[in-house]
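Participant:
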Amino acid sequence: MTELMGSRMIEDVATLKALADPIRMRVLELAMSEPERTWTAKELAGIVGVPPTKIYYHLNQLEQHQLLHIRDTRVVNGIIEKQYGAGQLNLTFHRRSGDEPGSAQEVVALLLDQTRDEIEAGLTAGTISGSSDAPDPLRMVLSRGVAEIPQHRIAEFRQELQSLMRRFEEASATREGTAGGHRFAMLVAMHPVG
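Residue numbering for the sequence shown is 18 to 211, as defined by the working numbering.
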């Protein structure tokens, strides 16, 4: 069995392109939300809403880029059934100079669109509130700030952001406090501004 990575830095264009698909992003997000669990193609297809015959292409793309791993196989009615699991707890994106234009932009657009859609759906359904008086399980935090960071502390700041996310993701992965736990999506972006 392949070991589950904590955090994975995505730097290559091919992997960025593999992620630039809403179905693959939903499958990967689902797998990373329960990193110790395994999923069959049929289960994943049912959850993301595509026919089982069409999910295999997406699973193969994720497996080829080691974003999903086959953790187990078993024979069911004479057919080999694969059990898929996440390859990592979280992803960080980094575009190297010389990469094809567009690929990083596609992933950014996909992540921002997915976040917007989830927030809009939650606000409509009443499962998310923008009110500061809302109970913690419903309250959304949406903040944008600009900080001037001394050059010698930029790496430290970036590591602190990633460390905070990893600390809670790893607690979730080990089932710490699952009784009464609430799932939250987090999108963190740190980028230079002019």
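Backbone N, C-alpha and C define an ideal beta-carbon position, used for all residues, glycine too.
Pop quiz: methionine 22 and glycine 104 are said to be a contact at Cβ under 8 Å. What is the actual Cβ separation, rounded to whole angstroms?
Facilitator: Within the sequence shown, the letter at position 5 stands for residue 22. Within the sequence shown, the letter at position 87 stands for residue 104. The Cβ separation is near 6 Å, so the contact holds.
Participant: Please tell me whether threonine 132 and serine 24 are closer than 8 Å, where the distance is taken between their beta carbons.
Facilitator: In the sequence shown, residue 132 corresponds to position 115, counting from 1. In the sequence shown, residue 24 corresponds to position 7, counting from 1. Against a cut-off of 8 Å, the Cβ pair of serine 24 and threonine 132 comes out as no contact.
Participant: Nearest CA to the CA of leucine 129: which residue from Lys34, Leu204, Asp29 and Leu47?
Facilitator: Here the question's residue 129 lines up with position 112 in the sequence shown. If we check each option's Cα against that of leucine 129, Leu204 comes out closest.
Participant: Secondary structure at methionine 182, three-state DSSP: helix, strand or coil?
Facilitator: The residue given as residue 182 occupies position 165 in the sequence shown. Helix, per DSSP.
Participant: With DSSP as the reference, label asparagine 77 as helix, strand or coil.
Facilitator: Residue mapping note: residue 77 aligns to position 60 of the sequence shown, counting from 1. It is helical.
Participant: Looking at the structure shown, is isoleucine 136 part of a helix, part of a strand, or coil, going by DSSP?
Facilitator: The residue given as residue 136 occupies position 119 in the sequence shown. Three-state result, isoleucine 136: helix.
Participant: Between the C-alpha atoms of glutamine 176 and leucine 85, what's the straight-line distance to the nearest angstrom?
Facilitator: Counting from one through the sequence shown, the residue named residue 176 turns up at place 159. Counting from one through the sequence shown, the residue named residue 85 turns up at place 68. For glutamine 176 and leucine 85, the distance between alpha carbons rounds to 25 Å.
Participant: What separation, rounded to the nearest whole angstrom, lies between the Cα atoms of histidine 208 and histidine 75?
Facilitator: Locating residue 208 in the sequence shown gives position 191, counting from the first residue. Locating residue 75 in the sequence shown gives position 58, counting from the first residue. Cα to Cα, the separation comes out at about 30 Å.
Participant: Which ranges does the alpha helix (DSSP H) cover as unbroken runs of at least 4 residues, wholly within the segment 33 to 66, from first to last along the chain?
Facilitator: As far as the segment 33 to 66 is concerned, its whole alpha helix (DSSP H) runs of at least 4 residues are 39 to 50 and 58 to 65.
Participant: For glutamine 168 and phenylalanine 174, I'd like the C-alpha separation in whole angstroms.
Facilitator: Against the sequence shown, residue 168 aligns to sequence position 151. Against the sequence shown, residue 174 aligns to sequence position 157. Cα to Cα, glutamine 168 sits roughly 10 Å from phenylalanine 174.
Participant: Would you call the CB atoms of alanine 37 and lysine 99 closer than 8 Å?
Facilitator: Here residue 37 refers to the residue found at position 20 when the sequence shown is read from its first residue. Here residue 99 refers to the residue found at position 82 when the sequence shown is read from its first residue. No; because the gap between Cβ atoms is not below 8 Å, this pair is not in contact.
Participant: Just checking my contact of leucine 33 with isoleucine 40 at CB under 8 Å: how many whole Å lie between their CB atoms?
Facilitator: Walking along the sequence shown from the start, residue 33 turns up at place 16. Walking along the sequence shown from the start, residue 40 turns up at place 23. Actually they do not touch by this definition, with Cβ atoms about 16 Å apart.
Participant: According to DSSP, which residues form a beta bridge with glutamate 173?
Facilitator: Here residue 173 corresponds to residue number 156 of the sequence shown, with the count starting at 1. In DSSP, glutamate 173 forms no bridge with anything.
Participant: Just tell me which of Ser149, Arg88, Glu165 and Gly139 has its CA closest to the CA of alanine 48.
Facilitator: For the purposes of this step, residue 48 is taken as the residue at position 31 of the sequence shown. For the residues Ser149, Arg88, Glu165 and Gly139, the minimum Cα distance to alanine 48 belongs to Arg88.
Participant: Hey, would you say methionine 42 sits closer than 8 Å to asparagine 107, going by beta carbons?
Facilitator: Here residue 42 refers to the residue found at position 25 of the sequence shown. Here residue 107 refers to the residue found at position 90 of the sequence shown. Against a cut-off of 8 Å, the Cβ pair of asparagine 107 and methionine 42 comes out as no contact.
Participant: According to DSSP, is glutamine 83 helix, strand or coil?
Facilitator: The residue labelled residue 83 in the question sits at position 66 within the sequence shown. Glutamine 83: coil per DSSP, three-state reduction.
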